[in-house]
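Residue numbers (the numbering used here), protein chains in the order written: chain S, -17 to 206; chain H, 96 to 538.
Here a beta-carbon is modelled for each residue, glycine too, at the ideal position from N, C-alpha and C.
Just so you know, these numbers come straight off a predicted model, no measurement behind them.
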Amino acid sequence: MRVLVIEDEKKIASFVRNGLREEGFTVEVCHRGDEALERLTHEPYDLAVLDIMLPGRDGLSVLKLLRERRIGLPVLILSARGETSERIEGLDLGADDYLAKPFSIEELTARLRALLRRRSGENLSLYKVDDLTLNLVTREVRRQDRAIELTPREFSLLETLMRAPGRVFTRTQLCERVWEYQFDPGTNLVDVYIQRLRRKIDDGAERKLLQTRRGVGYYLQPEA
Amino acid sequence: MVTATVVAASLLLFGIGTALNLYYEQVEALDVQLSEEAGHFLVEIAQAPDPAQWLQQSEAREILALLPHVWVYVQDPQGAIILRSADAPVIAPSLFSPRPGFRNIAVEGRRARIGTFSERGLQVTLVAPLEEVEEIVADLMLAYLFALPLAVVAAAVGSWWITHRALAPIAAITATAGEITAQKLDRRLPESDSRDEIAQLTRILNEMFDRLQRAFQSAQRFSADASHELRTPLTIMRGRLEEALRRPGVLPDEEAMLVDLLDENIRLSAIVDSLLLLARADSAQLELHLAEADLTAIAEEVLEDAEILASTRGIALERALPPTLPLRVDAGRLRQVLLNLLDNATKYTEPGGRIRLELRSAGSGCVCTIVNTGPAIPEAKADRIFDRFFRGNEARADDERGSGLGLSICRELIHAHGGRLELAENRDGHIAFQFELPPDRKI
Chain S
-17 MRVLVIEDEK KIASFVRNGL REEGFTVEVC HRGDEALERL THEPYDLAVL
33 DIMLPGRDGL SVLKLLRERR IGLPVLILSA RGETSERIEG LDLGADDYLA
83 KPFSIEELTA RLRALLRRRS GENLSLYKVD DLTLNLVTRE VRRQDRAIEL
133 TPREFSLLET LMRAPGRVFT RTQLCERVWE YQFDPGTNLV DVYIQRLRRK
183 IDDGAERKLL QTRRGVGYYL QPEA
Chain H
96 MVTATVVAAS LLLFGIGTAL NLYYEQVEAL DVQLSEEAGH FLVEIAQAPD
146 PAQWLQQSEA REILALLPHV WVYVQDPQGA IILRSADAPV IAPSLFSPRP
196 GFRNIAVEGR RARIGTFSER GLQVTLVAPL EEVEEIVADL MLAYLFALPL
246 AVVAAAVGSW WITHRALAPI AAITATAGEI TAQKLDRRLP ESDSRDEIAQ
296 LTRILNEMFD RLQRAFQSAQ RFSADASHEL RTPLTIMRGR LEEALRRPGV
346 LPDEEAMLVD LLDENIRLSA IVDSLLLLAR ADSAQLELHL AEADLTAIAE
396 EVLEDAEILA STRGIALERA LPPTLPLRVD AGRLRQVLLN LLDNATKYTE
446 PGGRIRLELR SAGSGCVCTI VNTGPAIPEA KADRIFDRFF RGNEARADDE
496 RGSGLGLSIC RELIHAHGGR LELAENRDGH IAFQFELPPD RKI
């Protein structure tokens, strides 16, 4: 998968490139808006990660011209402004997704994969880890054939963990992701929800899936 | 209405004054006339060798006949009438005055003016009816009464028209100024070329709007710039930390340190978000995404989290919610406010205490109260709890750290909804935070 990362801040471009390469993407980087428009118009890319504030031509205008030229590759917008109006404007101009800075590279790769799966018509709505499945559309969660009832918060927590199996999430990260408004992660809210979730998905199962990395956080992976 | 009443009252007073004045002027003129007419007669009496005899002559009667509208009576020193006009009625002796001067009397039921003169011991009395004078005054009053309502209506309409014309430019200024909001700061009042007060006011207001727009734009630029400048290094730090954590062969204590740094990075990002939110609130650019939502459902969702926070501390959580409470709000922001207030209440309630969330509709808006049983907030602190970065209790021993921005953000978010968040009650065992949300807001 060939991705063009358009980001003028070289350090951000660098860790995004490294992170995406680790995930198996072929990554090229470009620092200017006008140059990005040229390359995206003339070369075949599968994905673009587009910053908004760029020299040469700003990201939104690059996006607008791309869509006018009928170039329909999936575009994910990155922005440090984080204002909702900008997000709406970006999506209106034809962006496929939007991510506010600072972001986690895991979140970025998960979203890019979702964009590719949507493009290839793959079933985007189903996550699977071992014999645990989570359906985003029907909101059904199953362990083997056993249906599991989850509250909206528990569902959102499990969804976050299932999007990146094996990756450790800290309490703060989970708090940020599940309780969008980032309230004090010092509370034991996350631990309580993890305990509940563990009871619901792992109790009575042969292999435990929800793991604790002591002092770090939680992750989802079949027991070794 | 007031104008019409005032005009009517003053016109009425003016009318009465005019009528009285006219009446007295007419009477005075009559007195002058009576004196003149008496004068001819008196001269004759004064010059006659024997007045009593002269009075008996036909010359005296001829003179009397020349005074058709006046009745003349002449009395001798004993009061006996020795001469009177041919058509003069007999009048009661008591009506005759012993002293010279003028009076009003009634003769045969008609009001009359009586003038008394004396010459050589003889008393000459002239009586003229007042009918004519009264008629003139009555005619005037009648004309006046007919004219009065017309005058009042004319005055009311006229004053309304003049006021309206004078205030129309001010009404236009008010309407346009009302349209100049944070979203439409480039609008200006239409300026005219005239040099009157209104034009001056318009120019001054427009200059003020210019300054306001510049201030707003620089505040807006500041939050955009600050946002970019703060978030870029945070993004780099986070990216690098995550990279380091993913590296194979990270030692456990390295990992613990990196996780700590990552958590701090996320906290710092949250604080930056909060500060930018407050900066936007200060420049009235806080964006809300209003949609019809059920506040009861939002509260129940938040209570799910609050239950956990409360139960781990042995605090009972009570609720009083209506079955449903639809209102146009920013559901995400309202959830943030409720969770923040409940989280706060949990921190400041002693184990075994109680927290109660009450929601009720009020008018077409709602009132939400969160009561907890903690100790009263000291007065000095109670005034400052909504201040930015203010912490209620520095001495807390556990590892909980808020940014100290929670309550000030809650207040701004409620304010952006057109409501007000306040510490409604503060006594030992009963701390109540309350906010009301008005009905549908127009933006």
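Span separating the alpha-carbon of residue i from that of residue j
{"i": "alanine 114 (chain H)", "j": "alanine 251 (chain H)", "result": "24 Å"}
{"i": "arginine 491 (chain H)", "j": "isoleucine 265 (chain H)", "result": "Note that arginine 491 (chain H) has pLDDT 47, beneath the 50 cutoff, so the model's placement of it is unreliable and the number below is only indicative. Their Cα atoms are separated by approximately 58 Å."}
{"i": "alanine 104 (chain H)", "j": "tryptophan 255 (chain H)", "result": "18 Å"}
{"i": "proline 417 (chain H)", "j": "cysteine 157 (chain S)", "result": "30 Å"}
{"i": "leucine 73 (chain S)", "j": "leucine 42 (chain S)", "result": "10 Å"}
{"i": "phenylalanine 485 (chain H)", "j": "aspartate 438 (chain H)", "result": "16 Å"}
{"i": "leucine 116 (chain S)", "j": "aspartate 184 (chain S)", "result": "14 Å"}
{"i": "arginine 91 (chain H)", "j": "proline 534 (chain H)", "result": "Given that chain H is displayed from residue 96 to residue 538, the structure contains no residue 91 (chain H) and the question cannot be resolved."}
{"i": "aspartate 493 (chain H)", "j": "aspartate 358 (chain H)", "result": "With a pLDDT of only 47 at aspartate 493 (chain H), under 50, the local geometry of the prediction cannot be trusted, and no value is derived from it."}
{"i": "lysine 212 (chain S)", "j": "aspartate 377 (chain H)", "result": "One cannot answer for residue 212 (chain S) here, as it falls past the ends of chain S, which runs -17 to 206."}
{"i": "glutamate 203 (chain H)", "j": "valine 228 (chain H)", "result": "18 Å"}
{"i": "valine 248 (chain H)", "j": "leucine 240 (chain H)", "result": "13 Å"}
{"i": "leucine 508 (chain H)", "j": "glutamate 382 (chain H)", "result": "10 Å"}
{"i": "phenylalanine 136 (chain H)", "j": "alanine 187 (chain H)", "result": "23 Å"}
{"i": "threonine 211 (chain H)", "j": "valine 138 (chain H)", "result": "15 Å"}
{"i": "glutamate 157 (chain H)", "j": "leucine 117 (chain H)", "result": "34 Å"}
{"i": "cysteine 44 (chain S)", "j": "aspartate -10 (chain S)", "result": "Checking the displayed sequence, the identity of residue 44 (chain S) turns out to be valine instead of cysteine. If I take the Cα positions, the gap works out to 14 Å."}
{"i": "lysine 190 (chain S)", "j": "arginine 128 (chain S)", "result": "15 Å"}
{"i": "arginine 101 (chain S)", "j": "leucine 139 (chain S)", "result": "26 Å"}
{"i": "arginine 112 (chain S)", "j": "glutamate 25 (chain S)", "result": "Sequence check: residue 112 (chain S) is aspartate here, not arginine. Roughly 39 Å between the two C-alpha positions."}
{"i": "arginine 198 (chain H)", "j": "proline 144 (chain H)", "result": "31 Å"}
{"i": "isoleucine 154 (chain H)", "j": "proline 193 (chain H)", "result": "Note that residue 154 (chain H) is glutamate in the sequence shown, not isoleucine. Cα-Cα distance, rounded: 26 Å."}
{"i": "glutamine 295 (chain H)", "j": "arginine 522 (chain H)", "result": "54 Å"}
{"i": "glutamine 431 (chain H)", "j": "glutamate 188 (chain S)", "result": "39 Å"}
{"i": "glutamine 193 (chain S)", "j": "glutamate 136 (chain S)", "result": "16 Å"}
{"i": "isoleucine 538 (chain H)", "j": "isoleucine 275 (chain H)", "result": "Annotation note: pLDDT 38 at isoleucine 538 (chain H) (below 50); position unreliable, coordinate value reported separately. About 12 Å."}
{"i": "leucine 48 (chain S)", "j": "arginine 3 (chain S)", "result": "25 Å"}
Selection from the options that minimises the alpha carbon distance to residue i
{"i": "alanine 539 (chain H)", "options": "H:Phe212, H:Ser189 and H:Pro195", "result": "With chain H covering 96 to 538 only, the question about residue 539 (chain H) has no answer from this structure."}
{"i": "alanine 519 (chain H)", "options": "H:Phe530, H:His510, H:Gly513 and H:Ala511", "result": "H:Phe530"}
{"i": "leucine 433 (chain H)", "options": "H:Thr407, H:Leu106, H:Pro421 and H:Glu396", "result": "H:Glu396"}
{"i": "methionine 352 (chain H)", "options": "S:Val174, S:Val172 and S:Thr152", "result": "S:Thr152"}
{"i": "leucine 516 (chain H)", "options": "H:Arg483, H:Arg414 and H:Thr464", "result": "H:Thr464"}
{"i": "arginine 483 (chain H)", "options": "H:Ile504, H:Thr468 and H:Ala477", "result": "H:Ile504"}
{"i": "leucine 171 (chain S)", "options": "H:His512, H:Glu402 and H:Lys476", "result": "H:Glu402"}
{"i": "alanine 207 (chain H)", "options": "H:Leu129, H:Asp305, H:Glu292 and H:Thr269", "result": "H:Leu129"}
{"i": "proline 56 (chain S)", "options": "S:Lys182, S:Leu98 and S:Pro26", "result": "S:Leu98"}
{"i": "arginine 69 (chain S)", "options": "S:Glu89, S:Leu47, S:Leu114 and S:Ile34", "result": "S:Ile34"}
{"i": "alanine 99 (chain H)", "options": "H:Ser192, H:Met236 and H:Gly253", "result": "H:Gly253"}
{"i": "arginine 388 (chain H)", "options": "H:Lys476, H:Pro421, H:Phe304 and H:Leu373", "result": "It is alanine, not arginine, that sits at residue 388 (chain H) in the sequence shown. Considering only alpha carbons, the answer is H:Pro421."}
{"i": "glutamate 337 (chain H)", "options": "S:Ile(-12), S:Ile87 and S:Tyr27", "result": "S:Ile87"}
{"i": "leucine 436 (chain H)", "options": "H:Arg455, H:Ala405 and H:Ala457", "result": "H:Ala405"}
Residue i vs residue j beta-carbon contact at 9 Å
{"i": "serine 313 (chain H)", "j": "leucine 500 (chain H)", "result": "no"}
{"i": "alanine 272 (chain H)", "j": "leucine 300 (chain H)", "result": "yes"}
{"i": "arginine 362 (chain H)", "j": "threonine 154 (chain S)", "result": "yes"}
{"i": "arginine 91 (chain S)", "j": "phenylalanine 7 (chain S)", "result": "It is threonine, not arginine, that sits at residue 91 (chain S) in the sequence shown. For threonine 91 (chain S) and phenylalanine 7 (chain S), yes; Cβs fall inside 9 Å."}
{"i": "leucine 412 (chain H)", "j": "cysteine 461 (chain H)", "result": "no"}
{"i": "lysine 266 (chain S)", "j": "histidine 13 (chain S)", "result": "For residue 266 (chain S) there is no data in the structure shown, the boundaries of chain S being -17 and 206."}
{"i": "isoleucine 140 (chain H)", "j": "glutamate 230 (chain H)", "result": "no"}
{"i": "leucine 125 (chain H)", "j": "leucine 243 (chain H)", "result": "no"}
{"i": "isoleucine 59 (chain S)", "j": "aspartate 79 (chain S)", "result": "yes"}
{"i": "alanine 30 (chain S)", "j": "valine -15 (chain S)", "result": "yes"}
{"i": "tyrosine 201 (chain S)", "j": "arginine 149 (chain S)", "result": "yes"}
{"i": "serine 283 (chain S)", "j": "leucine 118 (chain S)", "result": "Here chain S has residues from -17 to 206 only, and residue 283 (chain S) is not among them."}
{"i": "histidine 259 (chain H)", "j": "alanine 223 (chain H)", "result": "no"}
{"i": "isoleucine 257 (chain H)", "j": "isoleucine 293 (chain H)", "result": "no"}
{"i": "arginine 428 (chain H)", "j": "alanine 511 (chain H)", "result": "yes"}
{"i": "alanine 440 (chain H)", "j": "isoleucine 331 (chain H)", "result": "no"}
Continuous alpha helix (DSSP H) assignments of at least 4 residues falling wholly in the region 38 to 112 of chain S: 41 to 50, 66 to 74 and 87 to 101
Continuous beta strand (DSSP E) assignments of at least 3 residues falling wholly in the region 305 to 343 of chain H: none
Contact list for the region -10 to 19 of chain S against chain H, Cβ threshold 9 Å: Glu(-9), Lys(-7), Ile(-6), Ser(-4), Phe(-3), Val(-2), Asn0, Gly1 and Glu4
Inside the region 211 to 267 of chain H only - beta strand (DSSP E) runs reaching at least 3 residues: 217 to 224
Members of the region 349 to 362 of chain H near chain S, C-beta cut-off 8 Å: Glu350, Ala351, Val354, Leu357, Asp358, Asn360, Ile361 and Arg362
Proximal residues, the region 87 to 111 of chain S versus chain H, C-beta separation under 8 Å: Ile87 and Glu88
Minimum length 4: unbroken alpha helix (DSSP H) runs contained in the region 463 to 521 of chain H: 474 to 477 and 501 to 511
Against chain H: residues of the region 171 to 192 of chain S by CB proximity under 7 Å: Leu171 and Val174
Contact list for the region 142 to 155 of chain S against chain H, Cβ threshold 7 Å: Thr152, Thr154 and Gln155
Contacting positions in the region 313 to 339 of chain H - beta carbon closer than 7 Å to chain S: Ala319, Ser322, His323, Arg326, Thr327, Leu329, Thr330, Ile331, Arg333, Gly334, Arg335, Glu337 and Glu338
Unbroken stretches of the alpha helix (DSSP H), 4 residues or longer, contained in the region 139 to 223 of chain H: 146 to 151 and 153 to 160
Contact set between the region 397 to 414 of chain H and chain S, restricted to residues whose Cβ is under 9 Å from the partner: Glu399, Asp400, Ile403, Leu404, Ser406 and Thr407
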